[in-house]
Amino acid sequence: MNDPLLVERLNASGAIFGQEIVEEMSPLMSIVVYWILPVVLFIGIGQLMSKKLMNKGGGNRMMFGMGNSNAKVYVQSSEGIHFADVAGEDEAKENLAEIVDYLHNPGKYREIGASMPKGVLLVGPPGTGKTMLAKAVAGEANVPFFSMSGSEFVEMFVGMGASKVRDLFRQAKEKAPCIVFIDEIDAIGKKRDGQMGGNDEREQTLNQLLTEMDGFEGNTGVIILAATNRPESLDPALTRPGRFDQRVPVELPDLKGREDILKVHARKIKVADDVDFHQIARMASGASGAELANIVNEAALRAVRSGRPFANQSDLEESIEVVIAGYQKKNAILTDQEKWTVAYHEIGHALVAACQTQSAPVQKITIIPRTSGALGYTMQVEEGNKYLMTKEEIENKIATYTGGRAAEEVVFNTSSTGASNDIEQATKLARSMITRYGMSKDFDMVAMETTTNQYLGGDTSLTCSMETQTEIDRQVVALVRRQHQKAVQILTDHLDKLHALSKYLYEKETITGEEFMEILNG
Ligand code: ADP
């Protein structure tokens, strides 16, 4: 109570009063409690945190283990993958065999003073067996195999990826000789664009990778294999000599390769003895190894579904169609008129193909709808490998694409939406003829489009003026129109065959190439 006169008044009144002293902290104690203790606590917690943050040894590992490389390590056992498991791809295997030999007896190379390439880049479309090949190198050489995907390096915090790279290389050097495999290296190895606001984390990771690759000698026994399907997007620093200087193409398998891959995978399932793998391989033109593996598995599933103990030829053929066009859509109900339209449409394609020279023979025609949305399709199969196409062959192909619509026009005098895919394909081909293959008189051998992505769908970008683009569009239309007219002419000339074949297809729904040829040849 703040009353200075209180004591005087109490004295004056004669009251008896006293004072109680509340015990307070000694000044020394209060200094300890209010000043020293918080500082000690602060430092203590700080130390604890930093112990967690930093690696106890070399400061490599970062916050709560986030900088660990987490690389999957496969120490090869006797059942590891070997070259024999990778079918086809003989050139790639030949290239990699030298690395295996080096890992077996490095002494031979050291004596001469030859050093192995530090990095080998496996380039090719997805699913062609790049990962398998890398594992097979490790399997053949019987050395540990570290595997990591490029995207696993990229972390939320700047510097984490770089730390992962350091950790991976530290582990690899400890285990040398060994193979380090970085899948999808384009995730970190993209060209540094030098623009403001670039991806710092990715660039730091890439820089660290470059530094690490420079940091060890060629003869330490660590071989780095990397895979990518966009080699054109890689930073040039990554592909210069001394880093990933060897490039091994892993392409889509050819006819023989496809047959071998099918056989390799067919060993894992039960198949009938009379299966003609050559025929299946021919039908699966353009399929990658992964797709072929999928086809074999699909066939096995189909066999189980129909209660058979092994897969047969028709299982395999049907599963190719499933992979190309999706499952049969049994409950799709077409009206009678629609079914006739589809039958004429498909026979239109087949007939135009058959009446032209240099067209791949017709293998099968079907009008059973598929889950992909296709109401029917005509399967043409090349006899052997095809590496080149002539101008006439491409023109014939465009004519074949327009054959479906042409049949509808000739017979029903109208057109339907069923030709949308054909139109897309025909346009693409016609465009490529003019802009990329130099097959038009007006533009001669001038490239007007460049492929930006060779292995992933082959996207293109135009490299010409607006006026030229207009001219290209005009020429594409003229080219397709010429072929369309040719198709109409062929079908009009063979109208009786068109009717007979369409009627047969309408009734049977699926016909083979032989049946088709029999009716065609009368
Ligand atoms: P990538 O790394 O090129 O994308 P993968 O090596 O991962 O392809 O292949 C995926 C799968 O495809 C493999 O597990 C294998 O079953 C199958 N495959 C691909 N290429 C081949 C091949 N040449 N021989 C046998 N199987 C293959």
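Residue numbers (our numbering): 1218 to 1739.
Using N, Cα and C, we set each Cβ at its ideal position, and we do this for glycine too.
On a CA-only basis, which of the options is nearest residue i? Give me that one, please.
| i | options | result |
| --- | --- | --- |
| K1658 | V1465, Q1686, Q1692, R1475 | Q1692 |
| I1170 | G1261, E1225, A1309 | This structure gives no information on residue 1170, because the portion of the chain shown stretches from 1218 to 1739. |
| D1713 | V1705, L1696, L1737 | L1737 |
| S1589 | M1606, V1239, E1609, K1546 | K1546 |
| S1505 | K1473, E1418, R1522, D1490 | K1473 |
| Q1236 | L1223, S1243, S1230 | L1223 |
| F1433 | A1358, F1386, T1687, G1261 | F1386 |
| F1370 | F1398, E1508, G1346, T1456 | F1398 |
| E1538 | R1587, E1306, C1572, V1705 | R1587 |
| T1668 | I1316, V1375, G1376, E1449 | E1449 |
| G1344 | G1376, E1306, A1520 | E1306 |
| L1455 | A1498, R1409, D1220, A1570 | R1409 |
| A1664 | Q1671, I1651, T1729, T1631 | I1651 |
| T1422 | Y1544, N1446, E1372, P1334 | E1372 |
| L1679 | R1648, I1707, Q1706, A1695 | R1648 |
| V1375 | G1341, Q1425, G1356, E1311 | Q1425 |
| V1598 | I1497, N1359, E1508 | I1497 |
| H1299 | S1243, L1265, G1346 | G1346 |
| T1428 | K1720, R1460, E1535, T1729 | R1460 |
| Q1554 | L1518, F1629, Y1544 | F1629 |
| V1465 | A1444, P1453, E1476 | A1444 |
| M1430 | V1337, A1353, A1358 | V1337 |
| G1565 | F1660, R1522, G1635, V1354 | G1635 |
| S1332 | L1339, P1342, I1316, V1249 | I1316 |
| D1302 | E1357, E1328, L1254 | E1357 |
| A1501 | E1534, S1632, A1393, A1489 | E1534 |
Sort out for me which residues DSSP pairs residue i with in a bridge.
| i | result |
| --- | --- |
| I1399 | M1365, A1443 |
| E1582 | Going by the sequence as given, residue 1582 is Ile instead of Glu. Looking at the DSSP assignment, I1582 forms a beta bridge with T1595, I1728. |
| S1678 | T1667 |
| K1528 | The sequence given here places Ala at residue 1528; Lys does not occur at that position. Partner(s): V1488. |
| R1464 | L1338 |
| K1811 | A query on residue 1811 cannot be resolved here, the shown segment of the chain reaching from 1218 to 1739 and no further. |
| R1587 | Q1545 |
Any chance the CB of residue i is under 6 Å from a heavy atom of the ligand ADP?
| i | result |
| --- | --- |
| M1365 | no |
| M1349 | yes |
| V1481 | yes |
| G1305 | yes |
| P1343 | yes |
| A1510 | yes |
| I1689 | no |
| A1507 | yes |
| G1346 | yes |
| I1478 | yes |
What first and last residue would you give for the alpha helix (DSSP H) that runs through residue i?
| i | result |
| --- | --- |
| V1340 | Careful: V1340 lies outside any alpha helix (DSSP H), inside the beta strand (DSSP E) at 1336-1340. |
| P1453 | 1453-1456 |
| W1557 | 1553-1572 |
| I1248 | 1244-1248 |
| D1307 | 1307-1321 |
| H1482 | 1472-1483 |
| P1658 | Residue identity check: residue 1658 is Lys in the sequence provided, not Pro. Element bounds for K1658: n/a, residue is neither H nor E. |
| T1631 | Segment: none, T1631 is in no alpha helix (DSSP H) and carries neither H nor E. |
| G1432 | 1417-1432 |
| K1381 | 1377-1392 |
| M1650 | 1637-1652 |
| E1237 | Unbroken run through E1237: none, as it is neither H nor E. |
| L1696 | 1683-1710 |
| L1509 | 1506-1522 |
| S1230 | 1223-1230 |
| M1500 | 1494-1500 |
| V1303 | Neither: V1303 is in no alpha helix (DSSP H) and is coded neither H nor E. |
| G1356 | 1347-1358 |
Inter-stretch contact (C-beta, 8 Å, three-pair minimum) for the segment 1480-1488 and the segment 1507-1517
Touching, per the Cβ criterion.
Between the segment 1527-1536 and the segment 1587-1602, are three or more C-beta pairs nearer than 8 Å?
Because the criterion of three Cβ pairs below 8 Å is not met, the segment 1527-1536 and the segment 1587-1602 do not touch.
Between the segment 1699-1711 and the segment 1610-1624, do three or more beta carbon pairs fall short of 8 Å?
With a cut-off of 8 Å, the segment 1610-1624 and the segment 1699-1711 count as touching, because enough Cβ pairs lie within range.
For the 8 Å Cβ check, are there 3 or more pairs between the segment 1708-1727 and the segment 1559-1569?
Touching, yes.
So, do the segment 1619-1630 and the segment 1567-1578 have three or more beta carbon pairs nearer to each other than 8 Å?
Counting C-beta pairs with one atom in each stretch, the segment 1619-1630 and the segment 1567-1578 have three or more that are closer than 8 Å, which means they touch.
Segment contact flag, the segment 1437-1453 with the segment 1316-1325, C-beta cutoff 8 Å, min 3 pairs:
Judged by Cβ distances under 8 Å, the segment 1437-1453 makes contact with the segment 1316-1325, as three or more pairs qualify.
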